[in-house]
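**Student:**
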Amino acid sequence: MKTVVIIPAYNEGKMIKNVLKNVLNLNILPENIVIIDDCSQDNTYEVASNINPLIHILRHEINLGKGGALKTGCEAALKLGADIIVCMDADDQHNPADISRLIEKISEDNDIVFGSRIIDKDMPLTKFIGNKFLSSIICTFFKILIHDTQSGFRAFTASAYRKIKWESTDYAVETEMIVKTAENNLKFTEIGIATVYHDDYKGTTPINGLQILFKILKWKFL
-19 MKTVVIIPAY NEGKMIKNVL KNVLNLNILP ENIVIIDDCS QDNTYEVASN INPLIHILRH
41 EINLGKGGAL KTGCEAALKL GADIIVCMDA DDQHNPADIS RLIEKISEDN DIVFGSRIID
101 KDMPLTKFIG NKFLSSIICT FFKILIHDTQ SGFRAFTASA YRKIKWESTD YAVETEMIVK
161 TAENNLKFTE IGIATVYHDD YKGTTPINGL QILFKILKWK FL
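Shown next as structure tokens:
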């Protein structure tokens, strides 16, 4: 089973080098890594380009948002012959060592595996409250319980990707994946993952949370 790791990146010049080195230390072949630079305004593309020439680095000429970057990465993974696609963030919050745990759960006949951040004192309060609220709304409307709806660390089979292919171009992408997992009756599970919060203000904000809520209502009622 060929696994391709895709990493969307926007203005992650300070973090992308460490992320890629840690992924490569897992003996993942560089040709099975895809970076999507979503029109960064810093040196993300240059830093990533200097790590290993076999890493696939794609660059958006205009910013398409996280959902757009993930879709570009997944389509590239399919062209590379991926059986399993692993998505992770470029901000060094995720522990690449958890990739093997995601893949292991896929091998247990799951279509998709969600990484759920372990709740501890390091998780910003706004992220904790927002996540729990969205989880309860999704569970109520779509009968699927995912404890961490906004984690970007997850894996799915190539066939599952074709069923959950999303329309969202923004941070709602993670939530739309969950909704489509439920709508397509895909087999899923969660694993607990540790997370390092380098910056409380990166990722989804309360405003993003409201936008995601409106989309959930749209998916349910329109």
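Under our numbering, the residues of the sequence shown are numbered -19 to 202, in order. For each residue, glycine too, the CB sits at the ideal point set by N, CA and C. Remember, it's a predicted structure, so these values are computed and weren't measured experimentally.
(1) Give, in chain order, every unbroken run of the beta strand (DSSP E) that is at least 3 residues long and sits entirely within the segment 79 to 152.
(2) Just to confirm before moving on: does the CB-CB distance between Gly95 and Ile15 stay below 8 Å?
(3) Would you mind reading off the limits of the beta strand (DSSP E) that contains Val66?
(4) Output needed for Lys(-6): all residues of its chain with C-beta closer than 7 Å, excluding positions within five of it in sequence on either side, in chain order.
(5) What's the C-alpha gap between Met103 and Gly132?
(6) Cα-Cα, which of Trp146, Ile171, Ile92 and Ala62 is closest to His127?
(7) By Cβ distance, which residues of its chain are closer than 8 Å to Ile98, with the 5 residues on each side in sequence left out?
(8) Determine the extent of the beta strand (DSSP E) in which Thr175 is found, giving its start and end residues.
(9) Let me make sure I understand the geometry here. Which of Lys107, Asn2, Arg142 and Leu50 has the alpha-carbon closest to that of Asn164?
(10) Please check the pair Leu0 and Ile31, which I expect to be a contact at CB under 8 Å, by giving their CB distance rounded to whole angstroms.
(11) Within its chain, find whatever has a CB closer than 6 Å to the CB of Asn43; leave out the 5 residues flanking it on each side and keep chain order.
**Tutor:** On the basis of the coordinates in this document:
(1) 92 to 97 and 134 to 137
(2) no
(3) Ile64 to Cys67
(4) none
(5) 15 Å
(6) Ile171
(7) Gly172, Ile173, Ala174 and Thr175
(8) Unbroken run through Thr175: none, as it is neither H nor E.
(9) Arg142
(10) 5 Å
(11) Asp18 and Cys19
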